[in-house]
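Visitor: This is the structure I have questions about; it appears just below.
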Amino acid sequence: MIQIERDIISRCQQGDKEAFQWVVQTHQRMVFSLALKMLCDEEEAKDMVQETFIRVWQSIRSYDPKKTFSTWVYTIASRLCIDRLKRANRIVALPDDELALRRFASDDDNLRSLENKEWVSIVRMIAEGLSDKQRLVFTLCQLEGLTSDETEQITGLDSKQVKSNLYVARQTIRKRLKELGYEQD
Numbered sequence: 461m462i463q464i465e466r467d468i469i470s471r472c473q474q475g476d477k478e479a480f481q482w483v484v485q486t487h488q489r490m491v492f493s494l495a496l497k498m499l500c501d502e503e504e505a506k507d508m509v510q511e512t513f514i515r516v517w518q519s520i521r522s523y524d525p526k527k528t529f530s531t532w533v534y535t536i537a538s539r540l541c542i543d544r545l546k547r548a549n550r551i552v553a554l555p556d557d558e559l560a561l562r563r564f565a566s567d568d569d570n571l572r573s574l575e576n577k578e579w580v581s582i583v584r585m586i587a588e589g590l591s592d593k594q595r596l597v598f599t600l601c602q603l604e605g606l607t608s609d610e611t612e613q614i615t616g617l618d619s620k621q622v623k624s625n626l627y628v629a630r631q632t633i634r635k636r637l638k639e640l641g642y643e644q645d
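Counted the way my numbering counts, the sequence shown spans residues 461 to 645.
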């Protein structure tokens, strides 16, 4: 962790709300991205960002500076997302979701920026049928680009569990894409 971030976190641990604004501004996009992909609902994701930073503020005194701060924040956010998914009804793909996936898959410029609604539709389509853990591991590794080590720290799963959940998620998604005609044998 760079010294500036250490100093800011230390100030937060002493109750400095201005320093905490920096923490929120620095990490809110990361939390929103994870929450949107996990919950497939923009409003729920916004609520999750607020809930995450309330928890971060309440728990910041217990943060261990030997660990990466962003990993610690991801851990809080991912646990809150899993809890929300357990309480909510299962996320099911909607008819418009397939249309959004087809539009994206046929777009020659896949590097273009997707709007949140398109992301939600795509994630709903490909993640249908995944367990909460599989969805979390897939989101962290494949969509957020985190390493297996970071994913282990965030989820509390060991390396075998991360690999197993990721494997099953990939197989389920591959099967789903074949059913939709996007991947061939």
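The beta-carbon is built from N, C-alpha and C at its ideal position, and this holds for glycine as well.
Since this is a predicted model, take the numbers as computed values, not measurements.
With respect to the alpha helix (DSSP H) encompassing S470, which residues constitute its N-terminal and C-terminal limits?
Guide: That run of the alpha helix (DSSP H) goes Q463 to Q473.
Visitor: Have a look at K620, S522, V597 and K506 and flag the residue whose alpha-carbon is nearest the alpha-carbon of S538.
Guide: Selected option, being the one with the closest Cα: V597.
Visitor: Between W482 and I468, is the Cβ-Cβ spacing less than 8 Å?
Guide: For W482 and I468, yes; Cβs fall inside 8 Å.
Visitor: Based on Cα-Cα distance, which residue from T512, Q518, T535 and M508 lies nearest to Q473?
Guide: The shortest C-alpha separation from Q473 is found at Q518.
Visitor: If we count the other Cβ atoms within 10 Å of its Cβ and call it buried at 16 or more, is Q631 buried or exposed?
Guide: When all chains shown are included, Q631 counts as exposed.
Visitor: Between the region 604-616 and the region 523-532, are three or more C-beta pairs nearer than 8 Å?
Guide: Flag = yes, the region 604-616 and the region 523-532 touch.
Visitor: Which runs of the alpha helix (DSSP H), 4 residues or longer, sit entirely within the region 514-547?
Guide: Counting only runs of 4 or more, we get 529-547.
Visitor: By alpha-carbon positions, which one of R634, I542 and S608 ends up nearest to R591?
Guide: Residue identity differs from the one stated: residue 591 is Ser in this sequence, not Arg. Comparing Cα-Cα distances from S591 to each of R634, I542 and S608, the minimum goes to I542.
Visitor: Is the beta carbon of Q594 closer than 8 Å to that of A548?
Guide: Not closer than 8 Å, so no.
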